[in-house]
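Working notes, beginning with the structure itself.
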Amino acid sequence: MVCFGAFFAHYQAQGDTPKPQEKKKGPDPVVYFVPHADDEVLTYAVDIRNAIYNGHPVYLVLFSEGEHSIAREVVNGRFDASSVHAERAGERVFCKWHKTYHDTRRTPSLYGHLSLKEFGKVRVDDFYRSGEALGVPKENIFTYSIPNGGFTEHNVRPIIEHFLKQFPDAEFRTMSKADVHPDHAKIGEVLEKMEQENLIRPSKTRYFISIFTDRFSHRPLPVKTDLMHLEDPLDEYYVLESIEVYKTYQPAEGLYGTGYHSVPDQFESLIQAVYTRYYDEWQPLNRQTAPHQPPKHPPGQPVQEDPTKTDPTETEAPPSGK
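Counting from 18, one number per residue, gives the positions in the sequence shown under the working numbering.
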């Protein structure tokens, strides 16, 4: 008995007694707040691929179905009573991508003349397919139904709070409050306000300048920004695959090229130069000592108005994930 006790004490002293293994914590999740379907590609794609490359679980949160995008009228070929400009009902809408007037009465189409509800569903379907093309699992994709043009703190904040509660250690990405699109800017404004209320650590946030604001608007930015490129050049494959989702036009199968019927120049600009612009901390520019450089865009491309921008509406929808 004495010998056995000495034997046990010897091995215990040597540290051979089995100990429960501690579970190693992986990289923090990264949650992207996406205003409209196609923003995940045009503005976030580079960062999404870099996050995945570095092992982060990625989640996409779509705030709006974007049913009021001008792309619906372009695909239908005319305005109708549900259009933002209902007073133009019956007026034809030219497709600058296909250089023609579409006509759903003559072209085989799964939905025929797309209603707002049907078009919203088409955009959400594209969002899911685009997210998966970028490498984000479908179960990590969430959608909400705030009307585009109707983003307010009242309907934006509960969504952010929900995901902050679900993923308290996550990093959060969204658009800058300096963005020219009011929907984009509102999410950034609310997230920054929550930082100031000490609900989110500033080290856990990142703000992006949309591709339209950066490359096409020519509006000077009031904040210092950095450029981001793909850490793995081979990841360009995923970016191009996600772009293809928004370019595929097969209306008989319910695929309407929603992105290219809205902002084809922005997609082509991303193909020509795969990068994005962002900042982690709001650092105002001193214009006397550091004038902002004019936004860059591919030579020969004219400055354009943002076709996705709609008239603001007072309509609000309670946040309800799907």
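All C-beta atoms, glycine included, are put in the ideal place defined by N, C-alpha and C.
Taking the Cα of D56 as reference, the smallest distance to any Cα among W299, V256, N303 and P239 is reached at V256.
Relative to D186, the option among A195, F168, R218 and V197 whose CA is nearest is R218. Counted as a single uninterrupted DSSP element, the beta strand (DSSP E) harbouring T160 occupies residues I158 to T160.
Secondary structure of I163 (DSSP, three-state): coil. Residue environment: L151 is assigned as buried (16 or more neighbouring CB atoms within 10 Å of its CB, all protein chains considered). The three-state secondary structure of V256, taken from DSSP, is helix. Rounded to whole angstroms, the gap between the alpha carbons of H278 and V110 is 11 Å. Fewer than three pairs of CB atoms, one per stretch, sit closer than 8 Å, so the region 63-76 makes no contact with the region 116-132. CA-CA distance, F96 to D45, rounds to 46 Å. Taking the Cα positions, T265 is about 6 Å away from L272. Contact between N165 and S99 fails: their C-beta atoms lie close to 14 Å from each other, not under 8 Å.
Taking a cut-off of 8 Å for Cβ pairs, the region 205-216 and the region 243-258 do not touch, as fewer than three such pairs fall below it. At the C-beta level, L79 and F144 come within 8 Å of one another.
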